[in-house]
Amino acid sequence: MEGLMYDVYMAEALIENDYQTFDTPEKKEAFLQKIFEKHQVTQVQWDSSLAWYADRIDVYMKMNDSVKARLQRKQQELDASITQQVQAQQFESHSESPSYIPHTYAFRRIGSGSGFRFRIDSAEINTRFTNPTLEFRYNVIGIPDDVQEAPLQSMLILEYKDTTLYKPQQITQNKSYSTPVSRYIDGDTLTRISGFIHLKNTWRRLRYIQLYNIGLGKNDIPGPEPMPPAEMKETGQ
Numbered sequence: 063m064e065g066l067m068y069d070v071y072m073a074e075a076l077i078e079n080d081y082q083t084f085d086t087p088e089k090k091e092a093f094l095q096k097i098f099e100k101h102q103v104t105q106v107q108w109d110s111s112l113a114w115y116a117d118r119i120d121v122y123m124k125m126n127d128s129v130k131a132r133l134q135r136k137q138q139e140l141d142a143s144i145t146q147q148v149q150a151q152q153f154e155s156h157s158e159s160p161s162y163i164p165h166t167y168a169f170r171r172i173g174s175g176s177g178f179r180f181r182i183d184s185a186e187i188n189t190r191f192t193n194p195t196l197e198f199r200y201n202v203i204g205i206p207d208d209v210q211e212a213p214l215q216s217m218l219i220l221e222y223k224d225t226t227l228y229k230p231q232q233i234t235q236n237k238s239y240s241t242p243v244s245r246y247i248d249g250d251t252l253t254r255i256s257g258f259i260h261l262k263n264t265w266r267r268l269r270y271i272q273l274y275n276i277g278l279g280k281n282d283i284p285g286p287e288p289m290p291p292a293e294m295k296e297t298g299q
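Position 217 of the sequence shown, counting from 1, maps to 279 under the working numbering, and the rest follow consecutively.
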């Protein structure tokens with residue numbers, strides 16, 4: 063029961079904080095249903111269990127405190143991870159505006175352990191984008207099939223007047239990635255968008271990874287898909 067309660071609390075927190083993904087009651091219900099299926103119970107059984115524990119409040123409170131302690135530890139771990147990722151970005155300086163987002167990016171041309179970052183403040187958000195919803199997207203090519211850990215990581219940080227949303231992404235496959243961005247949430251307005259994509263590992267073969275069709279606004283024009291570099295055929299380190 064404690065494991066189920068932990069997962070339900072975690073799911074409810076995700077639903078509450080991810081307005082864009084769970085924007086209808088049906089989506090919220092479907093997400094919770096997956097939690098119940100994982101634990102091989104039904105919504106009715108979950109409700110019955112809560113009713114049973116209501117008559118045994120001491121047992122319930124002990125279990126509830128244990129679950130809350132686990133959630134707090136998880137939150138502390140996540141906060142520490144986000145702080146570490148943000149502080150670890152040691153990108154090479156460039157002359158472009160801080161808001162510049164390249165349409166293509168090849169790590170092998172820049173050097174290992176590199177990447178790019180950007181920051182767009184409210185004035186530029188208002189003049190650069192007209193749609194209420196945006197999408198940070200990019201395609202990835204060049205990740206070897208035998209890589210077991212995510213060689214790349216990205217982070218999108220959305221700062222509103224009253225809240226800040228962190229949207230991390232571990233990049234593990236050669237495919238398209240996208241993160242939705244809403245300029246308005248519950249009467250709150252987006253004031254800053256910042257983010258980065260970073261190559262975590264200096265392993266030689268990972269330096270041939272390329273990003274293309276990178277963009278934030280829905281009207282960005284996709285560029286051509288790059289040709290896989292010849293070096294990717296090597297079987298070296």
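Glycine included, each C-beta is placed from N, C-alpha and C at the ideal position.
Rounded Cβ spacing between A73 and I97 (contact assumed at less than 8 Å): 5 Å
Proximal residues to T253 (C-beta, below 7 Å), its chain only, five neighbours per side dropped: S184, E221, Y222 and K223
Pair within 8 Å by beta-carbon distance, F180 and G257: yes
Span of the beta strand (DSSP E), counted from its first residue to its last, around A168: T166 to A168
Rounded separation between E197 and L214 - CA only: 19 Å
For P87, the three-state DSSP class (helix, strand or coil): helix
Y222: first and last residue of the uninterrupted beta strand (DSSP E) it sits in: L214 to Y222
According to DSSP, residues forming a beta bridge with Q232: Q215
Short Cβ contact (8 Å threshold) for Q235 with S216: no
Candidates H101, D109 and V70: closest to K9 by CA position: No statement about residue 9 is possible, as the shown extent of the chain runs from 63 to 299 and does not include it.
Environment of R135 [buried if 16+ CB atoms lie within 10 Å]: exposed
With 16 other Cβ atoms within 10 Å as the buried cut-off, status of N188: exposed
Sub-8 Å separation of L273 and Y200 beta-carbons: yes
CA-to-CA distance, I259 to G204, given in whole angstroms: 15 Å
Status (buried if at least 16 other CB within 10 Å, exposed otherwise) for S240: exposed
Where I233 falls, given that 16 or more other Cβ within 10 Å makes a residue buried: buried
Where S244 sits in the DSSP three-state scheme: strand
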